[in-house]
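Colleague: The sequence shown stops at residue 478 when you use my numbering, and every number in between is there.
Using N, Cα and C, we set each Cβ at its ideal position, and we do this for glycine too.
Being a predicted model, the structure only gives us computed values, none of them experimental.
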Amino acid sequence: MEQELSFEALLKKHRVVVERYINFRLPSTFDADDVIQETYYVAYIGYEKLRNKELFKPWILSIAKNQCNLWFRKKYGNELISLDTIPDIADTDTTENNTVYQVLNLLSKESAELLRLTMQGYKQSDIAKHLNIPTGTVKSRLHYARKQFRSMCTPEQLMMFEKGRKIMPKKDYTCGFPETMPTLILKESSRPFVEVKCADEAFIVPIVGNKNAEGTYRRNKLALVSTCYVPKAAMIHEVAGVKICRDTYNIGAGKLYKNEKIWFSQLTDEYIRDLATIDGDCNEDDDFPTTIYTFLEEEYDVIVNGNDRIHGRPLLIKENPPKIVDDKIYIDEYNIRYTMGMFDITIGERTFETVKFIVVQKNTLVTENYVDTNGRLVLMRWYESVDCINQTELYTDDFKQHIVENSKLIVNDIEYYLVETRISEYAL
């Protein structure tokens, strides 16, 4: 009985990480549930052999890893994550003038697939296992695919792709955002609620090749322009995802901060998840070490959905209105979407039909989000509590003094004031 209590206590402590790991690795929740139960059974049977109980977490994670590998061997014949479960960038509309993808679309299906997988970061040995062909065959086919790619290029395109001869356009870090915030009209619509599937979590859809910018306006003036891009695929603790980089241009300082944030995300048919974050890479000259946080840490700030810290944020936005009394909002859970209805929003000369929802972080932050019917985040309004504003060193004293003049939201009797408005490049 004492052993059972000890096992149950340790399992309860680390359950979130174990179940998060298995759910992130496997392609469906249904499959993950089976592997979770098998992991717990194997761990329970072998627990008495674990001499150092302080090693329970890495021990049970090793069991979870083995059970996942066993599932993949049964399903696909190897321990690799099936490349079929990775979103296909061939079916994704990347940047409008992406010359690479324009040329790839002219190639044979076999050559295009090999080049795309290579661009996504997969090794030749991984591609060989997936295609069930020798590594040498992959190497020779890649040689032919690259040759075919070059033959499809114009002389100008070849100059762009050849190492050391790429034509670098003049950088405009404002990405076309006007200095003064464009006219913004928010109008509630009488249309019935429409469920929308949204993978645009932070002004970027996490699929290789995508790129998008956001303009941040404070007191109606452009303060920051952040550009997110997805350069390649990534593997974090055997979990497939993508790498996302964000560069931020500070208008007032006239300075570009490269890699202001780097994080890794996973996109499935049902969820979007954070896998890891890199801090300390913004300035290569400072003394701060690069720090990496991953989803295997219990307190890692993953994208959560209310009290569910395991599965990630569901893509489907379902109707979930909060209780509103005398213009005050009351909610039961934090970090969950509360829908506020359908809205027609006009940004400059463009109008969008959108779903409006809020996400509340307890006593600190409220984001007011507008997602169009294509599932793209068009606009975000950022509200912070007074205590949070006063504790933030980034805001000037003058900014803090006048913040109470801005519009506000009252959620669970806490006042949150509008700090900034973020507009997607997609909306321009």
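Quick check on T89: buried or exposed, where buried means 16 or more other Cβ atoms within 10 Å of its Cβ?
Modeller: Its Cβ being crowded by 16 or more others within 10 Å, T89 is buried.
Colleague: Which residues in the same chain as F243 place their Cβ atom closer than 8 Å to its Cβ, once the five residues preceding and following it in sequence are excluded?
Modeller: E369, T389, G391, M392 and V405.
Colleague: Please state whether DSSP places L274 in a helix, a strand or coil.
Modeller: Correct three-state label for L274: strand.
Colleague: Considering only their Cβ atoms, is the gap separating Q411 from Y384 smaller than 9 Å?
Modeller: Yes, the pair counts as a contact, with Cβ atoms nearer than the cut-off.
Colleague: In angstroms, rounded to a whole number, what distance separates the CA positions of N300 and K271?
Modeller: Rounded to the nearest angstrom, the two C-alpha atoms are 12 Å apart.
Colleague: Can you have a look at I322 and say buried or exposed, based on whether 16 or more other CB atoms are within 10 angstroms of its CB?
Modeller: When all chains shown are included, I322 counts as buried.
Colleague: Based on the DSSP output, what are the partners of G186 in its beta bridges?
Modeller: BP columns for G186 are empty, so no partner.
Colleague: Which residue's Cα is closest to the Cα of M169: K282, N419, V292 and P77?
Modeller: The shortest C-alpha separation from M169 is found at K282.
Colleague: Who does K305 pair with in a DSSP beta bridge?
Modeller: Answer by DSSP bridge pairing, in chain order: N300.
Colleague: Quick one: give me the first and last residue of the alpha helix (DSSP H) that R400 is part of.
Modeller: Element bounds for R400: not the alpha helix (DSSP H) but the beta strand (DSSP E), R400 to Q411.
Colleague: For A263, which residues from the same chain have a beta carbon less than 7 Å from its beta carbon, with the 5 sequence-adjacent residues on both sides left out?
Modeller: C225, V275, S276, T277 and E475, listed in sequence order.
Colleague: Are the segment 313 to 328 and the segment 284 to 300 touching by the rule of at least three beta carbon pairs closer than 8 Å?
Modeller: A contact exists between the segment 313 to 328 and the segment 284 to 300.
Colleague: Would DSSP call T79 helix, strand or coil?
Modeller: Helix, per DSSP.
Colleague: Does DSSP classify M430 as helix, strand or coil?
Modeller: Strand.
Colleague: Considering only C-alpha positions, which residue in the set L234, E348 and R269 is nearest to L478?
Modeller: Looking at the Cα atoms, L234 is the closest of the given residues.
Colleague: According to DSSP, simplified to helix, strand and coil, what is R65?
Modeller: Of the three classes helix, strand and coil, the one that applies to R65 here is helix, per DSSP.
Colleague: Our contact map puts I353 next to F314 with C-beta atoms below 8 Å; I'd like the distance itself, whole angstroms only.
Modeller: Not a contact, Cβ separation roughly 12 Å.
Colleague: For the pair the segment 416 to 425 and the segment 442 to 455, tell me if three or more CB-CB distances fall below 8 Å.
Modeller: Too few Cβ pairs lie closer than 8 Å, so no.
Colleague: Quick check: the Cα distance between N73 and R196, rounded to an integer number of angstroms?
Modeller: The straight-line gap from Cα to Cα measures roughly 37 Å.
Colleague: Of the residues G96, I360, T340 and G425, which one's Cα is nearest the Cα of S486?
Modeller: Outside the displayed range of the chain (51 to 478) lies residue 486, so it cannot be described from this structure.
Colleague: What is the DSSP secondary structure of S132, counted as helix, strand or coil?
Modeller: Summary for S132: the model assigns pLDDT 49, below 50, so the residue's position carries little reliability; its value from the coordinates is reported in the next sentence. Of the three classes helix, strand and coil, the one that applies to S132 here is coil, per DSSP.
Colleague: Whole-angstrom Cβ separation of V85 and Q117, contact assumed at under 8 Å?
Modeller: Contact flag correct, Cβ pair sits at about 5 Å.
Colleague: Excluding the five sequence neighbours on either side, which residues of its own chain have a C-beta within less than 7 Å of the C-beta of D134, listed in chain order?
Modeller: Only weak support exists for where D134 lies, its pLDDT of 44 falling under 50; the value from the coordinates is given anyway. Answer for D134: no residue qualifies.
Colleague: Where does M390 fall in DSSP's three states?
Modeller: Looking at M390 - three-state DSSP - the assignment turns out to be strand.
Colleague: Just reading off the beta strand (DSSP E) that N419 is part of, what are its end residues?
Modeller: Here the beta strand (DSSP E) through N419 covers L415 to D422.
Colleague: If we ignore side chains and look at the alpha-carbon of each, how far apart do P372 and I386 end up?
Modeller: Rounded to the nearest angstrom, the two C-alpha atoms are 11 Å apart.
Colleague: When the Cα of P364 is compared with those of K247, L236, Y466 and P339, which residue comes out closest?
Modeller: The candidate whose alpha carbon is nearest that of P364 is K247.
Colleague: Using beta carbons (cut-off 9 Å, strictly below), is L100 in contact with chain C?
Modeller: The question asks about chain C, but that chain is absent: this structure has only one protein chain.
Colleague: Drop a sphere of 10 angstroms on the beta-carbon of D319, count the other beta-carbons inside from all chains shown, and report buried for 16 or more, exposed for fewer.
Modeller: So D319 ends up on the exposed side.
Colleague: With distances taken from CA atoms, which of K311, L164 and E347 is nearest K107?
Modeller: Answer by Cα proximity: E347.
Colleague: For S190, tell me which candidate among E288, L164 and G356 has the shortest Cα-Cα distance.
Modeller: Selected option, being the one with the closest Cα: L164.
Colleague: Which residue marks the beginning of the beta strand (DSSP E) containing S240, and which one marks its end?
Modeller: Segment: none, S240 is in no beta strand (DSSP E) and carries neither H nor E.
Colleague: Suppose the cutoff is 8 Å on Cβ atoms and the five residues either side in sequence are ignored; what does the same chain contact list for Y433 look like?
Modeller: Within the same chain, Y433 has close Cβ partners L415, V416, T417, E418, K458, L459, Y466, Y467, L468 and V469.
Colleague: Please report the straight-line C-alpha distance between F122 and I374, rounded to a whole angstrom.
Modeller: Answer to the nearest angstrom: the Cα atoms are 48 Å apart.
Colleague: Going by Cα to Cα distance, which pick from E69, S78 and E245 is closest to L317?
Modeller: Ranking the options by Cα distance to L317, first place goes to S78.
Colleague: Just verifying my parser: in three-state terms, what is the DSSP assignment at F314?
Modeller: If DSSP states are grouped into helix, strand and coil, F314 belongs with the strands.
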